[in-house]
Structure formats: C-alpha cells, structure tokens
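Down below is the structure, laid out as structure tokens.
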C-alpha cells in the first residue's frame, strides 16, 4: 500500500470516530430519565422505525458509498499484488464494522447518562433501603403467608435463627385416639474442633459430651450437618429450645428475610443478616424518629422512580409500632399502599441496564454479521474488480506495440 491509500483509510476511520461521537452525544441527551424507564427499555434494539435507526441507515449507506467511490477513483490505478489486496481487505472489514455500529454508541450514550443520573453507589443505597423496609411493605393479606412470614426466617437477635422440628402428639380419649402436630424450635449452633479430637470424642464416654450440654446419643440426634475441611471438623446441631411465640422482642416484621433485590457483589446471606440487624434496631433499639426517617426516604425513593404511592410516612410508622406491640392483632389495616409490582419491575430493569445492558444482543447478532460480511465482501469485490479492469486496460497498449 502506498502513502496516499494509508492516509485515505486513516481519514475514513477518523470520520467514523466523529460520527460515533455524535451518536454517543445524541444518546446522552436523548435519555428520558429513570422515572420513565420500564421493562421494555433496552439498549441493544435496532427498531428500523425510530430516528436513530432511520438516520443510521442513511448515514451508513452514504458513508460506505462515498468510501467505495473514492477508493475506486483514486486508488485502483495502483498495481497491487495478492498480499496488498489482502491487507486492504483486512483494513476495510473494521471500517465496515464501525460504519454499522452507530447504534451501539447511541446506546453507550444512554447508559452513560443513566449512570450519571443514578450512580451505582446510589442505586445500591436505594436497594439496601428497600431490602431493610421490605417486610413493612407487603399487602395486608400477605402477612398470613407461612412461607413469607415464619419464625425460621428470623435472623437476629440471638439465639435466632432457629430450626423447626415438627412432632406428632397422640392423645388417648377413651374409646378413640386423637393426635395433633406440634412444632418446637431450636437454635442452630456450630461446633468446630480438630478432626482427631472429634474421633476421640466419638469413642469416649458420655462425660466428654456433657461438656457441651448433651450426652453422646442426644448430640448424634441433634446433628444437622457435619463437614470436614483439612484437619478440622464442623458440626452444625440443634442447640437450646426457643419459644418465639412468647418472645416480647419478636414480631411479625422480623419473620421475613426476603430481599427485593440483592446488592450486586455481596452474598445474599450476608445482606439478609445485616438487613435483619438494621430492621431490629429500627423496631426495638432506636426511637420512632429513626423508622419515620426511613419511611420518608422511602417516599422520596418512590417519587424518584415514578412509582404510584399513597404512603404517608407518619401514618405508616404509627401502624408498624401498633402491630409490633400488639403482635396477635390481624394485620389488615397497615397503611402501606403503593404499586409494589411496578417497583420490582423498575428495579429489575435497572439491574439489567446496569449489569447486563446487552449492547449487542443475541437476537440481532446473526442478522448483523450477515449484513457485515455481505457489505464488506460486496464492496471489496467491486474494488478488486475495478483494480483488475484498470490493470488490464493499462497492459493492452503494451501488447499491441509488441
């Protein structure tokens, strides 16, 4: 390749970079705000009918046509061997690729504005607030759900969490026998020791086990799981009996550990426990103003995400403490009405846009590569053909003169 051809190809790449920058800026300023984001918001879409797709089609077509005309007009007279033609083709391929991907720069611009309006740190702060307050925000009927609200979901304070053991109790009622299913709860304790010491204990008398409060048979019955790692053994077992139903520092709001959305990069179990600690503090350790301020933050969050809500932070705080102190009351009048479904959809969509934006989704990949290689092959074939024709015309006079 001569100097002029290299200069021309470099100029083409610079023009493409400027066009990509223009689409990035357009995407940046076109972003409508997090309030208008919904489940259909995507960054990879090429819709064929919007302003970006239509302009993309014409700009790409005009650019490639201009490059091809200038390439044939000014650079097809040179004598190129096979190696040089391969090099030219290899350079033209990324040029064609860049000319077909303006929509990606537009998408990058949208995502850049999204993260400026809502940084990842602030998004995680919002999710943490929602996860802490989640048990206060269920519809009234959901508090009857044994799956969502049960004592095995309590993670704090000690001796929680607990394990439930169900047992059938039979009653002799004279002529007939009756039975009932009763539940008992035990703390989940952990015992760690050297494997060699554990093996000795297994063969020792019950007096060794009594150091831990159980005889040998009782401990074996209470073992939940046992694991060995290197030279140590860890035993998880049922500890002391617990009566959550008579615990004055436990209420229904602590009997739920679900998360609206986990914070990215942290283990779910760790988040669940930390949220449980914060929730317990709001209910039993801190004054009412702390919970009130949390609900005020929630109200601001719902407005920011454009979620329909009728939550009154003062009224909701009163309701929470009422049902905390009267735990046996049926929870059917808590004033926590808002569009929970829309909030979860919004958070899930933001999670996708933050962590799986899909600028180049699999649904368009096949079509894209077909267009890419077809366009490149068509343009390169025309250039090679034009070069061959000009070369043939130049060689004809020489043949006649001979």
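In the working numbering, the protein residues as written are 658 to 1059. We put the beta carbon where it would ideally sit given N, CA and C, even for glycine. All figures in this text were calculated on a predicted structure; none of them were measured in a lab.
Practice problem: Put residue 716 into one of helix, strand or coil per three-state DSSP. | Solution: Taking the chain shown and counting its residues from 1, one reaches residue 716 at position 59. If DSSP states are grouped into helix, strand and coil, residue 716 belongs with the helices.
* Asked: Taking residue 758 as the reference, which of 935, 991, 681, 1012 has the closest Cα?
  -> Walking along the chain shown from the start, residue 758 turns up at place 101. Per the Cα distances, 681.
> Considering only residues of the same chain and omitting the five flanking positions on each side of residue 1028, which have a CB-CB separation below 7 Å?
Replying inline: Sequence index remark: in the chain shown, residue 1028 carries index 371 (1-based). Excluding residues within five positions, the ones whose Cβ falls inside 7 Å are 757.
Does DSSP put residue 1032 in a helix, in a strand, or in coil?
Residue mapping note: residue 1032 aligns to position 375 of the chain shown, counting from 1. Note: residue 1032 maps to helix in three-state DSSP.
| request: Confirm, please, whether the CB-CB distance from residue 843 to residue 896 is below 8 Å. | output: Working through the chain shown from its first residue, we reach residue 896 at position 239. Working through the chain shown from its first residue, we reach residue 843 at position 186. Closer than 8 Å, so yes.
| Considering only C-alpha positions, which residue in the set 818, 998, 727, 791 is nearest to residue 695? | Reading the chain shown from its first residue, position 38 is the one you call residue 695. When each option's Cα is compared against that of residue 695, the closest is 998.
Next item on the list: Give the straight-line distance between the Cα atoms of residue 806 and residue 800, rounded to the nearest whole angstrom.
Entry: Residue 806 sits at position 149 when you count from the first residue of the chain shown. Residue 800 sits at position 143 when you count from the first residue of the chain shown. Rounded to whole angstroms, the separation of the alpha carbons of residue 800 and residue 806 is 6 Å.
In this structure, how does DSSP classify residue 890 when only helix, strand and coil are distinguished?
For this step, residue 890 is matched to residue 233 along the chain shown. Residue 890: strand per DSSP, three-state reduction.
So residue 746 and residue 1037 are supposed to be a Cβ contact under 8 Å. How far apart are they, rounded? Taking the chain shown and counting its residues from 1, one reaches residue 746 at position 89. Taking the chain shown and counting its residues from 1, one reaches residue 1037 at position 380. Rounded to the nearest angstrom, the Cβ distance from residue 746 to residue 1037 is 5 Å, consistent with a contact under 8 Å.
On the criterion of 16 or more Cβ atoms from any shown chain inside 10 Å, does residue 903 qualify as buried, or is it exposed? Locating residue 903 in the chain shown gives position 246, where the first residue counts as 1. By the 10 Å Cβ count, residue 903 comes out exposed.
Checklist line | Beta-carbon spacing of residue 921, residue 1012 below 8 Å | finding: Position 264 of the chain shown, counted from the first residue, corresponds to residue 921. Position 355 of the chain shown, counted from the first residue, corresponds to residue 1012. A contact, by the Cβ cut-off of 8 Å.
*At which residues does the alpha helix (DSSP H) containing residue 1133 begin and terminate?*
An answer regarding residue 1133 cannot be provided, because it is not within the stretch 658 to 1059 covered by the chain.
Note to self: Going by DSSP in three states, residue 676 sits in which element: helix, strand or coil?
What the structure shows: Stepping through the chain shown from its first residue, residue 676 is reached at position 19. Residue 676 falls in the helix class under three-state DSSP.
query = By how many angstroms is the C-alpha of residue 952 removed from the C-alpha of residue 839?
reply = As a first step, residue 839 is located in the chain shown; it is residue number 182 there, counting from the start. As a first step, residue 952 is located in the chain shown; it is residue number 295 there, counting from the start. Distance between the alpha carbons of residue 839 and residue 952: 38 Å.
Worksheet entry | residue 978 versus 935, 772, 908, residue with shortest Cα-Cα distance | In the chain shown, residue 978 corresponds to position 321, counting from 1. Nearest option by C-alpha distance: 908.
_residue 1017 and residue 761 - do their beta-carbons sit closer together than 8 Å?_
If you number the chain shown from 1, residue 761 lands on position 104. If you number the chain shown from 1, residue 1017 lands on position 360. Result yes, Cβ atoms of residue 761 and residue 1017 sit closer than 8 Å.
TODO: Alpha carbon to alpha carbon, how far is residue 980 from residue 986? Give it in angstroms, no decimals.
DONE: As a working note, residue 986 is residue 329 in the chain shown. As a working note, residue 980 is residue 323 in the chain shown. Approximately 7 Å between the Cα atoms of the pair.
Which value, in whole angstroms, describes the spacing of the CA atoms of residue 698 and residue 989?
-> The residue you call residue 698 lines up with position 41 of the chain shown. The residue you call residue 989 lines up with position 332 of the chain shown. Cα to Cα, the separation comes out at about 36 Å.
(message) Suppose you measure from the CA of residue 720 to the CA of residue 769; what does that come to, to the nearest Å?
(response) Translated into the one-based positions of the chain shown, residue 720 becomes position 63. Translated into the one-based positions of the chain shown, residue 769 becomes position 112. Cα to Cα, residue 720 sits roughly 27 Å from residue 769.
**Q.** Spatial neighbours of residue 728 in its chain, beta-carbon cut-off 6 Å, leaving aside the 5 residues before and after
**A.** In the chain shown, residue 728 corresponds to position 71, counting from 1. The answer, listed in chain order, is 1040.
Ordered along the chain, which non-local residues of its own chain (more than five positions away) have a Cβ less than 6 Å from that of residue 755? As a position in the chain shown, residue 755 is number 98, starting the count at 1. Only 673 meet the Cβ criterion.
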